[in-house]
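Engineer: Under numbering that gives the first Met the number 0, the first residue of the sequence shown is numbered 0, with each subsequent residue one higher.
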Amino acid sequence: MNKVCASFLPTTRQEMDEKGWKEIDVLLVSGDAYVDHPSFGVACLGRGLEALGLKVGIASQPDVLEPAKGLASLREMGRPRLFIGISSGTVDSMINNYTANRKTRSDDMYSEGGRGGKRPDYASVVYSKLARQAFPDTPIIAGGVEPSLRRLAHYDYWQNRIRPSILLDLEVDFVVFGMGERPSRILMEQLGRLQGPVSRQDPGTQAAFEKLRQQRGFAYLTTREQARTLEPRLTLPGFEEVRDDKKKFAKAAYLTEFEASPFNGKRLVQYHGSKAVVVNPPSLPLSTAELDAIYELPFTKKQHPRYKERIPAADMIRFSVTGTRGCFGGCSFCAITLHQGRVVQSRSKESILKELGALPKLEEFKGIVTDIGGPTANMYGLKCKGPEIQSKCRKLSCVYPKVCPHLQSDHAPQIELLRQARKVPGIRKVFIASGLRYDLALADQKSGRAYLRELIAHHVGGHLKVAPEHLDFEVLKLMKKPGPELFEELADIFEKESAAAGKEQFLVPYFISGFPGSTHEKMEKIFGYMKARGWKLQQVQGFIPTPMTLATAMYWSAMDPATREPLFVAKEWKDKKIQQALLQPHKVHNREVLRQYRFHSKPSAKPRSGK
0 MNKVCASFLP TTRQEMDEKG WKEIDVLLVS GDAYVDHPSF GVACLGRGLE ALGLKVGIAS
60 QPDVLEPAKG LASLREMGRP RLFIGISSGT VDSMINNYTA NRKTRSDDMY SEGGRGGKRP
120 DYASVVYSKL ARQAFPDTPI IAGGVEPSLR RLAHYDYWQN RIRPSILLDL EVDFVVFGMG
180 ERPSRILMEQ LGRLQGPVSR QDPGTQAAFE KLRQQRGFAY LTTREQARTL EPRLTLPGFE
240 EVRDDKKKFA KAAYLTEFEA SPFNGKRLVQ YHGSKAVVVN PPSLPLSTAE LDAIYELPFT
300 KKQHPRYKER IPAADMIRFS VTGTRGCFGG CSFCAITLHQ GRVVQSRSKE SILKELGALP
360 KLEEFKGIVT DIGGPTANMY GLKCKGPEIQ SKCRKLSCVY PKVCPHLQSD HAPQIELLRQ
420 ARKVPGIRKV FIASGLRYDL ALADQKSGRA YLRELIAHHV GGHLKVAPEH LDFEVLKLMK
480 KPGPELFEEL ADIFEKESAA AGKEQFLVPY FISGFPGSTH EKMEKIFGYM KARGWKLQQV
540 QGFIPTPMTL ATAMYWSAMD PATREPLFVA KEWKDKKIQQ ALLQPHKVHN REVLRQYRFH
600 SKPSAKPRSG K
């Protein structure tokens with residue numbers, strides 16, 4: 000092993016030997032190739048555990064087609080002393096492996112060479128069974144996006160049915176949902192005090208497990224009788240109920256979203272026959288100092304040298320900097336609320352500038368920063384005005400139907416951050432690639448326009464990507480997205496500010512086809528709008544029902560979970576094709592679809608405001 004390998008967490012026995020390790024404390028198993036960058040959850044968690052004094056090994060994409068090889072890769076570094084962590088990778092394995100039309104993807108941005116096939120379907124389940132076979136007596140914890148979004152009974156788009164909680168399929172002791180830093184510290188505190196290799200059957204381990212069952216961010220499987228003794232709790236409709244009754248499924252989905260706040264969310268219990276899934280309240284958000292400490296860990300920001308070919312995702316994010324976590328938006332189709340949370344956490348300006356200052360030292364850096372952001376571009380430094388308000392608030396979105404008056408929405412800190420970022424030695428250009436919440440910027444009467452001017456003049460690489468998602472007011476309400484009049488206002492500002500900066504730049508809008516509640520007639524509004532402006536969308540997103548989101552509940556139940564009002568859902572293949580064709584009529588394969596389609600009305604050139 001050379002010095003380059005020595006700067007990574009070990010992936011083989013040889014790399015352990017080079018570090019002088021006789022054993023590891025924690026083994027992390029991931030469906031992604033190993034990239035030592037904080038945007039990759041397993042790398043971020045591994046570095047965090049390392050900072051707590053633990054010896055951490057990484058097993059990336061173990062071979063499950065040949066179980067003997069898979070077992071050998073998990074056993075190569077020996078039995079971990081404390082626990083095994085399981086993750087499907089950065090995304091849900093089914094979303095990663097299949098298109099919106101349920102066709103197998105040939106590519107995988109998180110694998111070597113960008114080729115698909117390295118990650119099994121339902122990877123968390125497959126890896127947990129492999130790990131249990133390799134080390135039967137070692138505690139196993141599953142985490143990351145896949146188990147987080149499947150922790151309760153959920154609709155699975157790829158099997159077109161309601162599946163039970165993933166806890167019934169996993170061979171694990173706990174699921175950690177949401178971001179893993181706080182739960183991992185708690186795991187270390189409870190299991191790290193035990194002597195020798197931790198055994199699941201040991202009385203000390205069982206005592207530690209009992210304490211973990213009380214902790215935020217943990218979900219586990221128990222008996223119905225034991226769950227009935229838990230107080231306080233909110234009992235959701237059971238698996239058999241939501242499987243057989245779409246109204247109860249919609250109700251359970253709404254209650255889950257309603258209880259997602261870390262400040263007042265309740266412990267959830269859902270019965271599955273004689274068993275019960277217990278989901279404790281979410282972990283509390285990290286402080287600025289805690290977030291800074293994570294991103295200042297010694298990441299190499301490189302893919303492991305074991306790979307001969309490039310990993311596309313590693314190249315995409317290598318020269319980007321994370322500024323925030325979480326999102327105030329609460330969009331019904333987005334999983335961020337259920338994973339990162341609806342409370343935005345921001346790093347300090349000093350920490351971000353320090354990371355920017357280190358980028359010129361990286362190989363291949365040419366002075367271009369690809370992004371400073373997070374789930375959104377412009378929520379840096381924003382927060383609720385007071386903890387008392389936050390502790391009582393039950394709103395599902397801080398920005399819909401309008402920006403909450405209790406949200407501090409001043410964009411001045413973001414403007415100052417961007418101006419200082421441009422002055423960092425060795426930085427030639429800073430782009431902003433994260434999604435812009437233009438409704439939030441437009442609502443900021445104090446500095447929102449100044450932020451947009453700064454963004455458009457200095458941080459757009461010729462194209463500004465924004466996501467109005469739709470132009471019909473009723474569909475936007477279901478999405479919890481701003482009205483089309485705000486998109487029009489942004490388009491006007493973008494044109495004027497680009498001209499003032501002497502730049503030819505283009506606004507690139509993203510729209511979703513097939514969203515629940517979007518009839519063909521409502522899609523025609525986007526068709527007419529694009530035609531009037533002469534825009535040709537190169538990319539559109541076909542709606543994919545992500546487990547546990549409210550939009551997925553709409554798709555399966557064909558009703559609004561909040562009101563129980565019925566919705567049209569484009570489930571048939573022909574309806575999906577029509578809606579996609581209305582967004583991209585210039586595509587050759589869509590022309591015949593539209594020739595056979597009868598428009599409901601003459602599409603208007605301008606969207607209605609919805610007011």
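Cβ coordinates follow ideal geometry from the N, Cα and C atoms, glycine included.
Among P467, A133, S59 and L361, which has the Cα closest to the Cα of K611?
Structural biologist: Absent from the model: residue 611. The displayed extent of the chain is 0 to 610, so no value can be given.
Engineer: With a Cβ-Cβ cutoff of 7 Å, do W157 and Y97 count as a contact?
Structural biologist: In this structure, Y97 lies closer than 7 Å to W157 by Cβ.
Engineer: Just to confirm before moving on: does the CB-CB distance between F327 and V241 stay below 7 Å?
Structural biologist: Not in contact: F327 and V241 (Cβ atoms no closer than 7 Å).
Engineer: What's the C-alpha gap between D107 and G115?
Structural biologist: Roughly 5 Å between the two C-alpha positions.
Engineer: Just to confirm the assignment, what range does the alpha helix (DSSP H) spanning S497 have?
Structural biologist: P483 to A499 is the span of the alpha helix (DSSP H), which, as asked, contains S497.
Engineer: Does the contact criterion of 3 or more C-beta pairs under 8 Å hold for the stretch 182-200 versus the stretch 258-277?
Structural biologist: No, the stretch 182-200 is not in contact with the stretch 258-277.
Engineer: Cα separation between V25 and I139?
Structural biologist: Roughly 10 Å between the two C-alpha positions.
Engineer: Does the stretch 495-505 come within contact of the stretch 283-296, defined as at least 3 CB pairs closer than 8 Å?
Structural biologist: Verdict: no, contact absent.
Engineer: Which word fits W555, buried or exposed, when buried means at least 16 other C-beta atoms lie within 10 angstroms of its C-beta?
Structural biologist: Buried: at least 16 other Cβ atoms inside 10 Å.
Engineer: Go ahead and pull the three-state DSSP assignment for Y596.
Structural biologist: In the structure shown, Y596 sits in coil (DSSP, three-state: anything other than H, G, I, E or B).
Engineer: Contact between the stretch 126-139 and the stretch 39-52: three or more CB pairs below 8 Å?
Structural biologist: Judged by Cβ distances under 8 Å, the stretch 126-139 makes no contact with the stretch 39-52, as fewer than three pairs qualify.
Engineer: Would you kindly report the start and end of the unbroken beta strand (DSSP E) that includes K274?
Structural biologist: Segment K274 to V278, the beta strand (DSSP E) holding K274.
Engineer: Span of the alpha helix (DSSP H) holding H457?
Structural biologist: G447 to H457 is the extent of the alpha helix (DSSP H) around H457.
Engineer: Looking at C-beta atoms only, is the number of pairs between the stretch 312-325 and the stretch 349-359 that lie closer than 8 Å three or more?
Structural biologist: Cβ pair count under 8 Å is three or more, so yes.
Engineer: Return yes when the Cβ of A313 is within less than 7 Å of the Cβ of Q302, no when it is not.
Structural biologist: Cβ distance < 7 Å, so Q302 and A313 count as in contact.
Engineer: Under the criterion of a Cβ to heavy atom distance below 6 Å, does S127 qualify as lining the ligand ADP?
Structural biologist: Among the ligands in the structure shown, none appear at all, so the ligand ADP cannot be discussed.
Engineer: Reducing DSSP to helix, strand and coil, say where P602 ends up.
Structural biologist: Residue placement at P602 cannot be trusted, given a pLDDT of 49 that sits under 50; the coordinates are not used to answer.
Engineer: Using 7 Å as the threshold, is the C-beta distance between R436 and V429 below it?
Structural biologist: No; because the gap between Cβ atoms is not below 7 Å, this pair is not in contact.
Engineer: Quick check: what's the CA-CA separation for Q214 versus M378?
Structural biologist: Taking the straight line from one Cα to the other gives about 29 Å.
Engineer: Please report how far the alpha carbon of A531 lies from the alpha carbon of H585, in whole angstroms.
Structural biologist: So the two alpha carbons sit approximately 14 Å from each other.
Engineer: What's the gap between the Cα of G329 and the Cα of R12?
Structural biologist: Going from the Cα of G329 to the Cα of R12 covers about 44 Å.
Engineer: Output the boundary residues of the alpha helix (DSSP H) element that contains F257.
Structural biologist: Taken as a continuous stretch (DSSP letters only), the alpha helix (DSSP H) holding F257 covers K245 to F257.
Engineer: Between which two residues does the alpha helix (DSSP H) containing A146 stretch?
Structural biologist: It should be pointed out that residue 146 corresponds to Pro in this sequence rather than to Ala. V144 to S147 is the extent of the alpha helix (DSSP H) around P146.
Engineer: Just to confirm, are M553 and L337 a CB contact at a threshold of 7 Å?
Structural biologist: Not a contact, by the Cβ cut-off of 7 Å.
Engineer: On the three-state DSSP scale, how would you describe V41?
Structural biologist: Here V41 sits in helix by DSSP.
Engineer: So the beta strand (DSSP E) I161 belongs to, where does it begin and stop?
Structural biologist: Element bounds for I161: R160 to R162.
Engineer: Among residues of its own chain, excluding the 5 on either side of K246, which ones have a beta-carbon nearer than 6 Å to its beta-carbon?
Structural biologist: Answer for K246: no residue qualifies.
Engineer: Going by the CB atoms, is the gap between T375 and S433 shorter than 7 Å?
Structural biologist: Yes, Cβ-Cβ distance for S433 and T375 is below 7 Å.
Engineer: When you compare only the Cα positions, how much space is there between G482 and A466?
Structural biologist: Computed Cα separation, rounded: 12 Å.
Engineer: V485 and D409: beta carbons closer than 7 Å?
Structural biologist: With the sequence shown as reference, residue 485 is identified as Leu, and Val is not the correct amino acid for it. For L485 and D409, no; Cβs fall outside 7 Å.
Engineer: Can you tell me whether Q60 is buried or exposed? The criterion is at least 16 other CB atoms within 10 Å of its CB, across all chains shown.
Structural biologist: By the neighbour-count rule (16 or more Cβ atoms within 10 Å), Q60 is buried.
Engineer: Cβ atoms of T545 and A334: under 7 Å apart, would you say?
Structural biologist: Yes, they are a contact pair.
Engineer: Out of curiosity, what's the CA-to-CA distance linking P508 and G516?
Structural biologist: Whole-angstrom Cα-Cα distance: 20 Å.
Engineer: Say whether the stretch 173-180 touches the stretch 338-347, bearing in mind that this needs 3 or more beta-carbon pairs closer than 8 Å, one atom from each stretch.
Structural biologist: They touch, by the three-pair rule.
Engineer: Have a look at the DSSP bridge pairing and note the partners of M558.
Structural biologist: Paired residue(s): P565.
Engineer: Entirely within the stretch 62-128 and at least 3 residues each: give me those beta strand (DSSP E) ranges in chain order.
Structural biologist: 82-86, all fully within the stretch 62-128.
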